[in-house]
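Visitor:
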Amino acid sequence: MVERKARATLAAGCFWCVEAVFSRLKGVSKVVSGYTGGTVADPGYREVCSGRTGHAEAVQISFDPKEISFAELLDVFWRIHDPTTLNRQGADVGTQYRSAIFCHDKSQQEIAEQSKRQAEKAGLWPDPIVTEIVPFTSFYPAETYHQGYYRQNPSHMYCRMIIEPKLGKLQKTFASKLKTPSS
Numbered sequence: 036m037v038e039r040k041a042r043a044t045l046a047a048g049c050f051w052c053v054e055a056v057f058s059r060l061k062g063v064s065k066v067v068s069g070y071t072g073g074t075v076a077d078p079g080y081r082e083v084c085s086g087r088t089g090h091a092e093a094v095q096i097s098f099d100p101k102e103i104s105f106a107e108l109l110d111v112f113w114r115i116h117d118p119t120t121l122n123r124q125g126a127d128v129g130t131q132y133r134s135a136i137f138c139h140d141k142s143q144q145e146i147a148e149q150s151k152r153q154a155e156k157a158g159l160w161p162d163p164i165v166t167e168i169v170p171f172t173s174f175y176p177a178e179t180y181h182q183g184y185y186r187q188n189p190s191h192m193y194c195r196m197i198i199e200p201k202l203g204k205l206q207k208t209f210a211s212k213l214k215t216p217s218s
């Protein structure tokens with residue numbers, strides 16, 4: 036039997052944070068930090084940070100839709116970052132930190148638009164959601180030192196101050212969707 040994998044590409048600020056969150060979900064087999072949504076082929080971190088490439092820091096998630104749906108991934112997405120701040124997440128400022136959903140097909144586009152409407156209706160955030168919902172074009176994996184950053188550097192101050200509270204919120208809000216420690 037062939038296992039069916041799907042992909043989701045999401046931007047929600049610093050990719051270290053987003054990767055740490057989504058890698059803990061049941062049904063997610065791989066999360067890669069990288070760059071998408073810009074005009075420069077195969078950009079590097081310094082180029083993206085300049086804001087001149089048009090790319091966002093993002094993650095590409097490989098998941099089994101029989102275990103977790105795209106809509107469920109988006110439910111987590113809306114709650115682990117502030118989708119109401121344009122080109123900003125906390126102290127991280129610039130277009131590379133924008134909130135965006137890069138849709139791989141028409142179905143993802145429809146699910147993303149419906150999910151955004153539901154998040155707005157639920158009043159998850161006091162301000163309007165500014166998340167872009169755009170077609171996926173290409174994804175460029177970030178440099179090796181960015182992959183699994185939290186896992187490799189849990190005592191780094193950024194990880195402790197920014198990522199750990201997100202993981203705490205994930206645990207509190209989505210405990211039933213988390214992998215067991217041994218998985």
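Residue numbers for the sequence shown follow my numbering, so the first one is 36 and each next one is one higher. Note that beta-carbon positions come from the ideal geometry of N, C-alpha and C, so glycine has one too. Since the model is a prediction, treat every value here as computed from it, not as a measurement.
#1: I'd like the list of long-range same chain contacts for Ser218, defined as Cβ closer than 8 Å, with 5 residues on each side in sequence excluded.
#2: Rounded to the nearest angstrom, what separates Phe137 and Ser190 at their Cα positions?
#3: Tell me the rounded alpha-carbon separation between Ala106 and Arg87.
#4: In or out: Tyr180 buried (at least 16 other Cβ within 10 Å) or exposed?
#5: Does Ile168 come out as helix, strand or coil in the three-state DSSP assignment?
#6: Would Lys40 and Asp99 be called neighbours here (beta carbons separated by less than 9 Å)?
#7: Ignore the nearest five residues each way along the sequence and tell me which others in Thr172's own chain have a CB closer than 8 Å to its CB.
#8: Work out the CA separation of Tyr132 and Glu178 for me, nearest whole Å.
#9: Please name the residue, chosen from Ser142, Ser104 and Glu148, that lies closest to Ile96 on a Cα-to-Cα basis.
#10: Could you give the distance in angstroms between the alpha-carbon of Gln206 and the alpha-carbon of Cys49?
Guide: So, from the data block:
#1: Interpretation of Ser218 is limited by its pLDDT of 49, a score under 50 that renders its predicted location unreliable; the figure taken from the coordinates is listed afterwards. Excluding residues within five positions, the ones whose Cβ falls inside 8 Å are Lys61.
#2: Put simply, the backbone Cα of Phe137 is about 31 Å away from that of Ser190.
#3: Whole-angstrom Cα-Cα distance: 32 Å.
#4: Tyr180 comes out exposed.
#5: Under the three-state reduction of DSSP, Ile168 is assigned to strand.
#6: In this structure, Lys40 sits near Asp99, with a CB-CB distance shorter than 9 Å.
#7: Only Thr71, Gly72 and Phe137 meet the Cβ criterion.
#8: Taking the straight line from one Cα to the other gives about 17 Å.
#9: Of the listed residues, the one whose Cα sits closest to Ile96 is Ser104.
#10: Approximately 20 Å between the Cα atoms of the pair.
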